[in-house]
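Keeping their order, the protein sequence lines are chains A and B. Note that the first sequence covers residues 690 to 1044 in my numbering. Note that the second sequence covers residues 18 to 389 in my numbering.
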Amino acid sequence: MAQIRLEKIRHSYQAAPKGEADFALKRIDLDWADGGAFALLGPSGCGKTTLLNIISGLVTPTEGRVLFDGKDVTRLTPEQRNIAQVFQFPVIYDTMTVYDNLAFPLRNRGVGEKDVDARVREIATMLDLETMLPRRASGLTADGKQKISLGRGLVRSNVNVIMFDEPLTVIDPHLKWVLRSKLKELHQRVRATMIYVTHDQTEALTFADQVIVMHDGNVVQIGTPVELFERPQHTFVGHFIGSPGMNLLPCSIVDGVPQFDGQPVETGGRPTIPAGAAKIEIGVRPEFIRFADAGIPVRIVKVSDAGRFQIVETKHGDTAISLLVAEGSTLPADGARIRLDPAHTQVYADGWIVT
Amino acid sequence: MAPYALSFRASRANLDAMSIELKSVVKRVGNETHIYETDLTLNGGGFNILLGTTLAGKTTLMQIMAGLERPTEGRVFFDGKDVTGVSVQKRNVSMVYQQFINYPAMTVYENIASPLRVAGVAQAQIRERVGRVAEILRLAPLLDRRPSQLSGGQQQRTALARALVKEADLVLLDEPLANLDYKLREELREELPRLFADRDCTVVYATTEPAEALLLGGHTATLHQGRVTQFGETGKVYRRPDDLITARVFSDPPINTGPVRKEGGQFVLTRQVRWPASGRYAALPDGNYTLGIRPHLITPTAPAKDSAEIVGRVLISEISGSESTVHFEVDQGTWVSLSHGVHPFRVGETAQLYIDTGKLFLFDREERLIAA
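Here it is in structure tokens:
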């Protein structure tokens, strides 16, 4: 296993990039601790797959260096980097048995048959594939095939990093949590450095110790699931993680105190507004707002039943503010007011947190 | 980046929308029965949702409604008129699938205009109608592009625009959001009911996700292995499922179930886990029942009112930031707890959890709902 470092990585798919806009990755500096479980999370086009391909060696970055345990591997091929990869769709040999599929990456590297056998059986046990070992892979369901792909990725014990690129896309929803938790359990057991790329917040948050959120070629936050939820460093993280996403209220600062529509708003800390900030906003998640006797007056515009809770959409003037209310609770009629939990209310200047 | 502002429109019955009635419809293919005898009447005014897992029969029912498939037995009525043998071309129907289906060689404009061209609508009118629909679906700046130059969300909006522009009497949406990114799904799920709110059409929407059915509202038919198990207002089906199968179809994470005995004014789950049968449960006769508890009613902290303590070995513990999920082992099998906030558990440890005993489902021997 290895500690991975990305130094000043920039990448453009164009031969002669002119400006910032031509770069798929703007500037990335990242340290991935040995043995960690990481997720790269972001919408399509954010640069996460480019970043993954730079780590694996499929793409050579326009600028910057990739280091494995301090050794520069920027120009090395994927084979030379000694990594394992699992892709979105199953990559297996239909004509081989499940056993031979799992053994292939080991035999390919000249591992002795005795060690191959021990390792294949160990991985098969972890993934509940023991009874399938003698079967031909061609007869399996998409789920079954993807499990073998996962097994092939995990079977070599000496790789520097195991990378997963949207590995659960083809898996039926009710099986997803089983495989997700299997992967997590495997990570805890083998302690390999794992990088998991996905656009699905649930997958990222439940798999990784550290989630790296990407947007528009930049890393906008690195944190634990709880940090991303409770203290989004950027309004994009607030929007992208959580459903519905974080509310954003236009804000002005009067004598250092944040105000919304002329009324002071209590926040977690005192904001430090950088000079020349163009846009100041108050960010608060729907989970941290409740109806109260005093507070911001709103009118209720829509109520959605989400089963165990209700999503209430309100408006104060033109500003939309959503909040979550428990199932079965009665909503205020006229003259509704809301209160924001100060501990979970942040101020953002040009998108970045300043409280 | 942030969800755009919403205008509020109360869902109201579209009086002019068509009613679709399936009478004793059966669909067999060879020796296999895909749809068992089904009676179902759908109206306009809000979505009609077909909720069930893959292969439950959702797509087959839609194809029968569209006229793409002919029922083996039974009749199909549109506004009381028998259309059983009428082909899809002669029914005014549009359909949107999970896969984004557009003509790759045509521009977005031509894609949206295609059903109108087929219908022989005048050029000027086509331009006007395409423009209006493109505006609603935020495709106006993209009309000159080809589908390959669009994101997944834009491609699916193009397919939706084609369905909208046709002004069909019946719109069938077969898991239209399944292939989209999570945030796009959220956005379009908001958008869809508004798009159809003031149109005189009946909308049928198939999904595998209980949460999606709830958020779309309207009416829901739950499907299981080729049978409609219940049909009614979405919230009512969720809160009062007629039977255990419906409760299972309408619960994600899966509903926790197990045998429970009522005796001497108490419910007895195991020797250690028992609680008083109070309120509406008090009058039930003693005997054996099947208990159904939704995951969010088992929590690491005791609810304000009635609760029973339960312990189990932790198999999986997941924290998503706002919610914690714990899968734990009890005598009845694997149960799931879903709670608000951050509650870390170690795999293998014994978790102490609380069942909210005021909101249980009880089913009888035939798995019909007795109390909710």
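In this text, a Cβ means the ideal position worked out from N, Cα and C, and glycines have one as well. Source: prediction; values computed, not measured.
**Request:** Using a Cβ-Cβ cut-off of less than 7 Å, list which residues of the segment 199-220 of chain B approach chain A; keep chain order.
**Result:** For the segment 199-220 of chain B, residues whose beta-carbon sits nearer than 7 Å to a beta-carbon of chain A comprise Tyr199, Lys200 and Glu203.
**Message:** Counting only beta-carbon separations shorter than 8 Å, does Asp994/A have a partner in chain B?
**Reply:** Position 305 of the first sequence, counting from 1, holds the residue named residue 994/A. At least one chain B Cβ lies under 8 Å of Asp994/A.
**Message:** Tell me which residues share the same chain as Ala195/B and place their Cβ nearer than 7 Å to its Cβ, disregarding the 5 neighbours each side in the sequence.
**Reply:** Reading the second sequence from its first residue, position 178 is the one you call residue 195/B. The answer, listed in chain order, is Gln115.
**Request:** Mind reading off the beta-carbon distance from Thr956/A to Pro1031/A? Whole number of angstroms is fine, and I expect it under 8 Å.
**Result:** The residue you call residue 956/A lines up with position 267 of the first sequence. The residue you call residue 1031/A lines up with position 342 of the first sequence. Yes, Thr956/A and Pro1031/A are in contact; Cβ-Cβ is about 6 Å, under 8 Å.
**Asked** Taking buried to mean at least 16 other C-beta atoms within 10 Å of its own C-beta, is Tyr788/A buried or exposed?
**Response** Position 99 of the first sequence, counting from 1, holds the residue named residue 788/A. Under this definition Tyr788/A is a buried residue.
**Asked** Taking Cβ positions, are His357/B and Ser339/B nearer each other than 8 Å?
**Response** Within the second sequence, numbered from 1, the residue matching residue 357/B stands at position 340. Within the second sequence, numbered from 1, the residue matching residue 339/B stands at position 322. A contact, by the Cβ cut-off of 8 Å.
**Item:** Assigned secondary structure, Lys200/B (DSSP; H/G/I helix, E/B strand, else coil)
**Value:** Locating residue 200/B in the second sequence gives position 183, counting from the first residue. The answer is helix: DSSP assigns Lys200/B an H, G or I state.
**Request:** Please list the segments of the beta strand (DSSP E) lying wholly inside the segment 304-369 of chain B, counting only runs of 3 or more residues, in order along the chain.
**Result:** 304-310, 324-336, 340-347 and 350-357
**Min CB distance Leu894/A to chain B below 8 Å** = Indexing the first sequence from 1 puts residue 894/A at position 205. Yes, contact with chain B.
**Request:** Establish whether the CB of Leu1020/A and some CB of chain B are separated by less than 8 Å.
**Result:** Along the first sequence, one-based indexing puts residue 1020/A at 331. For Leu1020/A, the answer is no, since every Cβ of chain B falls outside 8 Å of its Cβ.
**Outcome for Ala136/B when other beta-carbon atoms lying within 10 angstroms are tallied against a minimum of 16** = Position 119 of the second sequence, counted from the first residue, corresponds to residue 136/B. The residue is exposed, with fewer than 16 neighbouring Cβ atoms inside 10 Å.
**Asked** Taking the alpha helix (DSSP H) that His928/A falls in, what are its first and last residues?
**Response** Position 239 of the first sequence, counted from the start, is the residue given in the question as residue 928/A. Taken as a continuous stretch (DSSP letters only), the alpha helix (DSSP H) holding His928/A covers Thr924 to Phe929.
**Request:** For Pro164/B, verify whether its CB is less than 7 Å away from any heavy atom of the ligand SAH.
**Result:** Within the structure as shown, the ligand SAH is missing, as the structure has no ligands at all.
**Message:** Beta-carbon within less than 6 Å of Arg278/B's beta-carbon, same chain only, minus the 5 sequence neighbours each way: which residues are those?
**Reply:** Mapped onto the second sequence, residue 278/B falls at position 261. Result list for Arg278/B: Val285 and Asn305, in chain order.
**Asked** I think Ser838/A touches Pro779/A, with their Cβ atoms under 8 Å apart; what is that distance to the nearest whole Å?
**Response** Locating residue 838/A in the first sequence gives position 149, counting from the first residue. Locating residue 779/A in the first sequence gives position 90, counting from the first residue. Confirmed, about 5 Å.
**Spatially closest choice to Arg244/B from Glu280/B, Ala230/B, Asp161/B and Val266/B, by CA coordinates** = Numbered from its first residue, the second sequence carries residue 244/B at position 227. When each option's Cα is compared against that of Arg244/B, the closest is Val266/B.
**Prompt:** So, is the C-beta of Pro732/A closer than 8 Å to a C-beta in chain B?
**Reply:** Along the first sequence, one-based indexing puts residue 732/A at 43. Interface residue, yes.
**Asked** Is any beta-carbon of chain B found at less than 8 Å from that of Ile693/A?
**Response** In the first sequence, counting from the first residue as 1, residue 693/A sits at position 4. It does not: the Cβ of Ile693/A has no partner Cβ on chain B nearer than 8 Å.
**CA-to-CA distance, Ile969/A to Asp718/A, given in whole angstroms** = Within the first sequence, residue 718/A is the residue found at index 29, counting from 1. Within the first sequence, residue 969/A is the residue found at index 280, counting from 1. Looking at the backbone, the Cα of Asp718/A and that of Ile969/A are separated by about 27 Å.
**Asked** What residues in its chain sit with their C-beta under 8 Å from that of Ile1027/A, if we drop five residues either side in the sequence?
**Response** Here residue 1027/A refers to the residue found at position 338 of the first sequence. Excluding sequence neighbours, Ile1027/A sits near Ile978, Arg979, Phe980, Ala981, Gly984, Ile985, Val987, Thr1003, Ile1010 and Leu1012.
**Message:** Residues of the segment 910-925 of chain A in Cβ contact with chain B at a cutoff of 8 Å, in chain order, please.
**Reply:** Pro914, Val915, Leu917, Phe918, Glu919, Thr924 and Phe925
**Request:** For Arg1028/A, write down the residues that DSSP places opposite it in a beta bridge.
**Result:** Position 339 of the first sequence, counting from 1, holds the residue named residue 1028/A. Beta-bridge pairing links Arg1028/A to Arg979/A.
**Neighbour list for Glu976/A in chain B, Cβ cutoff strictly below 7 Å** = Stepping through the first sequence from its first residue, residue 976/A is reached at position 287. Per Cβ cutoff of 7 Å: Ser339.
**Message:** Against chain B, which members of the segment 808-822 of chain A pass a CB distance test of less than 7 Å?
**Reply:** none
**chain A contacts made by the segment 220-252 of chain B, where a contact means CB separation under 8 Å** = Against chain A - using a Cβ distance shorter than 8 Å - the residues of the segment 220-252 of chain B are Thr225, Glu226, Pro227, Ala228, Leu231, Leu232, Gly234, Thr251 and Gly252.
**Message:** Measuring alpha carbon to alpha carbon, tell me which residue in Phe918/A, Ser827/A and Leu894/A is nearest Ala728/A.
**Reply:** Numbered from 1 along the first sequence, position 39 holds the residue referred to as residue 728/A. Of Phe918/A, Ser827/A and Leu894/A, the residue nearest in Cα terms is Leu894/A.
**Message:** Contact defined as beta carbons within less than 8 Å: I believe Leu68/B pairs with Thr237/B. What is the distance between those atoms, to the nearest angstrom?
**Reply:** Residue 68/B sits at position 51 when you count from the first residue of the second sequence. Residue 237/B sits at position 220 when you count from the first residue of the second sequence. Rounded, the Cβ-Cβ distance is 5 Å, consistent with contact.
**Message:** Please return the same chain residues whose Cβ sits closer than 8 Å to the Cβ of Lys865/A, not counting the five positions on each side in sequence.
**Reply:** Residue 865/A sits at position 176 when you count from the first residue of the first sequence. Leu857 and Glu892.
**Prompt:** Is it a yes or a no for the segment 801-819 of chain A touching the segment 752-770 of chain A, going by three-plus beta-carbon pairs under 8 Å?
**Reply:** Contact between the segment 801-819 of chain A and the segment 752-770 of chain A is absent, because fewer than three Cβ pairs lie under 8 Å.
**Request:** Return helix, strand or coil for His888/A, following the three-state DSSP convention.
**Result:** The residue you call residue 888/A lines up with position 199 of the first sequence. The answer is coil: DSSP assigns His888/A none of H, G, I, E or B.
**Message:** Any beta carbon from chain B within less than 8 Å of Arg798/A's own beta carbon?
**Reply:** Counted from its first residue, the first sequence places residue 798/A at position 109. With 8 Å as the cut-off, Arg798/A does not count as an interface residue toward chain B.
**Prompt:** What residues of chain A sit near Ser168/B, judged by a beta carbon separation below 8 Å?
**Reply:** Numbered from 1 along the second sequence, position 151 holds the residue referred to as residue 168/B. By Cβ distance, chain A contributes Ser733 and Gly734.
**Message:** Could you check whether Val43/B and Glu90/B sit closer than 8 Å to each other, using their CB atoms as the reference points?
**Reply:** Mapped onto the second sequence, residue 90/B falls at position 73. Mapped onto the second sequence, residue 43/B falls at position 26. Against a cut-off of 8 Å, the Cβ pair of Val43/B and Glu90/B comes out as a contact.
**Item:** Proximity winner among Leu695/A, Asp804/A, Glu819/A and Gln769/A, relative to Leu740/A (alpha-carbon distances)
**Value:** Residue 740/A sits at position 51 when you count from the first residue of the first sequence. Checked all of Leu695/A, Asp804/A, Glu819/A and Gln769/A; the closest Cα to Leu740/A is Leu695/A.
**Prompt:** Checking contacts by CB at 8 Å: is Thr749/A closer than that to chain B?
**Reply:** Indexing the first sequence from 1 puts residue 749/A at position 60. For Thr749/A, the answer is no, since every Cβ of chain B falls outside 8 Å of its Cβ.
**Message:** Suppose you measure from the CA of Gly63/B to the CA of Gly753/A; what does that come to, to the nearest Å?
**Reply:** For the purposes of this step, residue 63/B is identified with residue 46 of the second sequence, where counting begins at 1. For the purposes of this step, residue 753/A is identified with residue 64 of the first sequence, where counting begins at 1. Between Gly63/B and Gly753/A, the C-alpha separation is close to 55 Å.
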